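K.L.:
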């Protein structure tokens, strides 16, 4: 199997069908869909059961339930269970462009055959084809190799959609802290970047983002402050890395700002 599409979810039964329908529209079929349910109390389990019975489904859907522990723990579980050579995380409030998996399949060999590369990426877009950030002009065959550490200096902005080489990514599990339910993804990205791995970035869109009010992106300050150990680890490792002072300045200022919010109880 070439691709594992991985989706962590929590109480998203109301939006998950949109992603499901986009998977059904894919022309590329050599993939599985792993859903890790992070302790949902809605009808997610029942919904996934109905999806698994859908006669139009031509791909395996594998469902795992865990006690509410956070997206990072769900990620570790999905990575453990993945059967695909590539691991493609897609959030439950997003959905794929119709040719997303075909695009990944067409370009995967150049990544898998290069030991310096850990992933390929495409851009994320908002509904209406508005870019969430920039990477390159959309020229056929164009790409740029980058890491999470040097992406800003190469003009790469916004959120991207990465499909990882599964066996290479398995060396970089999320740390888990007792009584905390969030660790920034940058912890993993910075660790493999510090080890010399690069991501090959393409300009084509892979999925459509709909950042919801109950999602991580809309609740950044609260998440970081209430999951302080994971946040502090991210900042500490970044400060001790070899990146330049400019790359450290914004995260450090953010940490000091949130330290004040935490100290005075200003973030609820």
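Residue numbers (this note's numbering): 35 to 302. For every residue, glycine included, the Cβ atom is placed at its ideal position computed from N, Cα and C. These numbers come from a predicted model, not from an experiment.
(1) Considering only their Cβ atoms, is the gap separating residue 40 from residue 160 smaller than 8 Å?
(2) Mark residue 84 as exposed unless 16 or more other C-beta atoms lie within 10 angstroms of its C-beta, in which case mark it buried.
(3) What residue does the beta strand (DSSP E) around residue 235 start on, and which one ends it?
(4) Quick check: what's the CA-CA separation for residue 173 versus residue 211?
(5) Return the first residue and the last residue of the beta strand (DSSP E) that residue 96 is part of.
(6) Less than 8 Å between the C-beta atoms of residue 135 and residue 179, yes or no?
(7) Report yes if the CB atom of residue 46 is closer than 8 Å to the CB atom of residue 126, and no otherwise.
(8) Would you list the residues sitting across from residue 40 in a DSSP beta bridge?
(9) Would you call the stretch 214-232 and the stretch 272-284 in contact, with 3 or more CB pairs under 8 Å?
(10) Rounded to whole angstroms, how far is the Cβ of residue 131 from the Cβ of residue 240, which I believe are closer than 8 Å?
(11) Could you check how far apart the C-beta atoms of residue 43 and residue 71 are, in whole angstroms? I think they sit under 8 Å.
(12) Looking at C-alpha atoms only, which residue of 150, 137 and 69 is the closest neighbour of residue 109?
(13) Quick check on the burial criterion: 16 or more other C-beta atoms within 10 angstroms. Buried or exposed for residue 298?
(14) Looking only at its own chain, which residues have a Cβ that is under 8 Å from the Cβ of residue 15, when we skip the five neighbours before and after it?
(15) I need the boundaries of the alpha helix (DSSP H) containing residue 118, first residue and last residue.
(16) Helix, strand or coil: which one does DSSP assign to residue 221?
(17) How many Å lie between residue 294 and residue 300 at the Cα?
(18) Using three-state DSSP, classify residue 179 as helix, strand or coil.
(19) Could you check if residue 335 is buried or exposed, using at least 16 other CB atoms within 10 Å of its CB as the buried criterion?
(20) Could you have a look at residue 73 and say whether DSSP puts it in helix, strand or coil?
P.N.:
According to the structure shown:
(1) no
(2) exposed
(3) Element bounds for residue 235: 232-242.
(4) Bear in mind that a pLDDT of 42 at residue 173, under 50, signals an unreliable position, so the number given afterwards is only what the model happens to contain. Their backbone Cα atoms lie some 43 Å apart in a straight line.
(5) 95-99
(6) no
(7) yes
(8) 68 and 123
(9) yes
(10) 6 Å
(11) Yes, residue 43 and residue 71 are in contact; Cβ-Cβ is about 6 Å, under 8 Å.
(12) 69
(13) exposed
(14) With the chain covering 35 to 302 only, the question about residue 15 has no answer from this structure.
(15) That residue, residue 118, is in no alpha helix (DSSP H); it is neither H nor E in DSSP.
(16) Residue state, collapsed to three classes: helix.
(17) 8 Å
(18) strand
(19) In the structure as shown, the chain starts at 35 and stops at 302, and residue 335 therefore has no counterpart that could be examined.
(20) coil
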